[in-house]
Amino acid sequence: MKTGNASGPTQRLRLRKRIHVLIGLLMFAVILVASLLFGRWAEGTRVAEQRAATQRVLVHVREHALRSFANIAALQHGIANVISEQDGEVSAPAFSRLMEDFLGRNSDVAAEALVDRDGIHFSHGVNAAALDWLHHGAPFQDPRALVDHHASLSLITSQGRDNGEFFLALVQSLAPSRLQDKVAPERRSLVFVVNVAALFARLANEIAPFNAVFVVIDADGKVVLGSLSVQDNDPELLPLEASWPGPDELRLLPADWVLAAVPRNGWGFSLLERVGVYAVICMSAAVAFSAVILALYFSWVRGRSNDRLRDSTSALSSRDRRLAYLADHDEATGLKNYAYLEQWRNGQVGDRGPFTLFLIDIHHFKNVNLTYGPDTGDRVLATIGARLRDVLDEDAIAVRIGGDKFLVIFSGAIVEGALPPGLQAVVTAVEQPVAAGEHLIRLGTIIGIAVAADGDENRTEMLGRADIALARGAMTGRGSICFFDEAMRMESARIRQIADEIVAAIETDQIDVFFQPQVSARGYRVSGAEALVRWRHPERGILAPAVFMPSVELMNLTARIDAIVLQKALAYLRGFEQSGLFLPRLSVNVSGPRLSSPGLFEDLEMLDLPAGRLGFEVLESVYLDEGNAVMARNLAAARAHGIDIEVDDFGTGFASIISLLRLRPSRLKIDRELIAPIVDDEVQRQVIAAIVDIARARKVGLVAEGVETLRHAEILRDIGIETFQGFAFSKPLPAEEFARYLAVHGTGPVFGP
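If you use the numbering used here, the sequence shown corresponds to residues 81 to 833, in order.
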């Protein structure tokens, strides 16, 4: 059985190899045949083009030759008219003058003669060979035979001479003379001898740029003028025939002469061009052969790696499904995540129509992390997520939007003031005890509810309403359920009004920076300061962040406010230094949206940053967005510019230890809620001591904020805190007052009130 299973893939592998070989050979044959056909087609095309060009050359030669013959015939006819007008009384000197004038105007004419039946009476010429041919070598030795050509003017051919010259005689009949005592033949004629070899030699020079050669073939098919090789190379032919009607007709018979021409380098491609064609064919064959080799190689590789490829494909498919799942799901709880909430807020997902929002906060969940550790906190959250998935139907969607905050979206509206049917199931799912080893962890909830009726479906505003209701419920404490009501609506309207005003405040430079000193535990000397945002309202005076930051967050202006604070804080810092005041360290709050801003990196490049003296305070919850590539890039850029990363409000987030490991901060700022009870609570002091041990192990600095009295400072110093910040030393101060404070306490100890 195993053998059969193994032989199947082997047979298939062999079959694939054979198929690849056949395909490769077929490709080779196809390319070879195609190359040969292409070569033949190109050769035929080239010959057709050459024949058309050669025919044009022959037409050019014929036109020039006929034009020369026509000119000679016209001049000959004119001289004949002059002789006739003088009734034949033409003396030898007069005839010579006529000939000289005529021969001077046409170089192709070699000699002239006036003959009758008794012989040649007058002759004149510029070519001795032509005269000799006229008197001795012409095919008509008997003058009577010459005179008898009175019926018409004809082109009379003759054999070429040994010296390569070739002559033609054009005969024209003349009327008999009335002076019988001088010249008394019955008929007489005028003969013109043309040097044809010179005429066609000139034409050959004219067509030389056309890269062609031509010859003249007589009626017997013999080459009269030119190279014999032309006739042996399948030349293009063109008859040389023409007639000029008149009183006496001059005609060139078609059978007398034929023009023939071939390209100078022969028909088709030259040797170099043929080499190129064969080179293309060889390269094509090489490509086909390479394709065969590659096909065989890949077939072999495929046979070896078939199983690994299947495994890799399965793993990639699983990873893709996992990534697609994590794109809109929280890994810890299995619920929808913040990315899904943003899509829902923008209307990209979720049913349209009325809906109800439950915003759930797990009361004091941070104590679970502090008491049992972050791993237990993760297990608790995973249990809550599983329970919510079990109790919610398909019309409800649960979203984890933060460390210990959940949102449940119900389709349909409920009556305000009436508890919805699914609420108790949600509360039970969250508050039911969770087993953690030997302990049962009991959790409490605070729930804010917002209802969207028909026509009131602004999802961003509804989330804001649910958050307002949750904040109102937090004032009551654990177990509270608060509906967003009309009073809260007014509060929401107030926040909206502030949001509108904050835009104008940004544009009119009403946002300012205050500074709260940070002092060292040893000697209570100023070691730095935190830059805090304030709003200089034109009517309400100085406003703290708690008044307007909810509106800033609602308008998504947090990143813009952070940018303003950073720029102003650095400007004030340069002003302090110009006044001779030195501040060792400056901490500036940077929100999650600012860290996720693509423009933060470019802003840092443009700023004049104090090297090693600037820190960004971030909430420890930003680690939840560690998958945010922009945030990771900006954090790396900040460190590259010498900016320290500090965790603000440490101890109030979801997983403080994980923050240490993933954010790699330079300092931790312990939240004031952990600091306040240490004077009277020994357990709380032990919690602070545990944080100190963790920080020392990670080589991270510590800042205690909310230090209200010198007693707090003494206890914290004994525990091991290095830096204090709080009203025990100074409240937040405007830049001018902080400059005076720094001038007084910058070099000496700072004492609280």
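C-beta atoms are modelled at their ideal positions from N, C-alpha and C, and glycine is treated no differently.
With burial defined as no fewer than 16 other Cβ atoms inside 10 Å of the residue's Cβ, what is the status of residue i: buried or exposed?
| i | result |
| --- | --- |
| residue 642 | buried |
| residue 470 | exposed |
| residue 556 | exposed |
| residue 150 | exposed |
| residue 216 | exposed |
| residue 163 | buried |
| residue 343 | buried |
| residue 704 | Annotation note: pLDDT 49 at residue 704 (below 50); position unreliable, no value reported. |
| residue 370 | exposed |
| residue 387 | Low local confidence applies: a pLDDT of 48 at residue 387 is under 50, so the model's placement there is unreliable, and no value is given. |
| residue 99 | exposed |
| residue 662 | exposed |
| residue 424 | buried |
| residue 103 | exposed |
| residue 560 | buried |
| residue 679 | exposed |
| residue 542 | buried |
| residue 276 | buried |
Going by beta-carbon coordinates alone, are residue i and residue j separated by less than 7 Å?
| i | j | result |
| --- | --- | --- |
| residue 484 | residue 442 | yes |
| residue 711 | residue 675 | yes |
| residue 836 | residue 463 | Missing from the structure shown is residue 836; the chain here goes from 81 to 833 and no further. |
| residue 438 | residue 529 | yes |
| residue 594 | residue 623 | no |
| residue 608 | residue 596 | no |
| residue 692 | residue 655 | no |
| residue 480 | residue 524 | no |
| residue 575 | residue 630 | yes |
| residue 775 | residue 801 | no |
| residue 412 | residue 458 | yes |
| residue 758 | residue 725 | no |
| residue 420 | residue 408 | yes |
| residue 743 | residue 782 | no |
| residue 317 | residue 340 | yes |
Specify the secondary structure class of residue i as computed by DSSP and reduced to three states.
| i | result |
| --- | --- |
| residue 347 | coil |
| residue 519 | strand |
| residue 579 | helix |
| residue 250 | strand |
| residue 673 | helix |
| residue 802 | coil |
| residue 151 | helix |
| residue 449 | helix |
| residue 98 | helix |
| residue 553 | helix |
| residue 753 | helix |
| residue 481 | coil |
| residue 60 | The requested residue 60 is not part of the displayed model; the chain covers only 81 to 833. |
| residue 291 | coil |
| residue 367 | helix |
| residue 785 | strand |
| residue 808 | coil |
| residue 661 | coil |
| residue 524 | strand |
| residue 667 | strand |
Tell me the DSSP bridge mates of residue i?
| i | result |
| --- | --- |
| residue 563 | 529 |
| residue 337 | 298 |
| residue 195 | 200, 269 |
| residue 436 | 490, 531 |
| residue 318 | 339 |
| residue 73 | Lying outside 81 to 833, the shown extent of the chain, residue 73 is not represented and no answer is given. |
| residue 442 | 525 |
I'd like the span of the beta strand (DSSP E) that includes residue i, first residue to last.
| i | result |
| --- | --- |
| residue 596 | 591-600 |
| residue 825 | First-last for residue 825: 815-825, but that is the alpha helix (DSSP H), not the beta strand (DSSP E). |
| residue 474 | Segment: none, residue 474 is in no beta strand (DSSP E) and carries neither H nor E. |
| residue 213 | That residue, residue 213, is in no beta strand (DSSP E); it is neither H nor E in DSSP. |
| residue 648 | Counting along the chain, residue 648 falls outside any beta strand (DSSP E), though it belongs to the alpha helix (DSSP H) covering 638-658. |
| residue 730 | 724-730 |
| residue 614 | 606-617 |
| residue 623 | 621-623 |
How is the alpha helix (DSSP H) around residue i delimited, first residue to last?
| i | result |
| --- | --- |
| residue 465 | 454-471 |
| residue 696 | Segment 694-699 is the beta strand (DSSP E) holding residue 696; no alpha helix (DSSP H) there. |
| residue 510 | 503-511 |
Does any CB atom of chain D fall closer than 7 Å to the CB of residue i?
| i | result |
| --- | --- |
| residue 629 | Included in the structure is just one protein chain, with no chain D present. |
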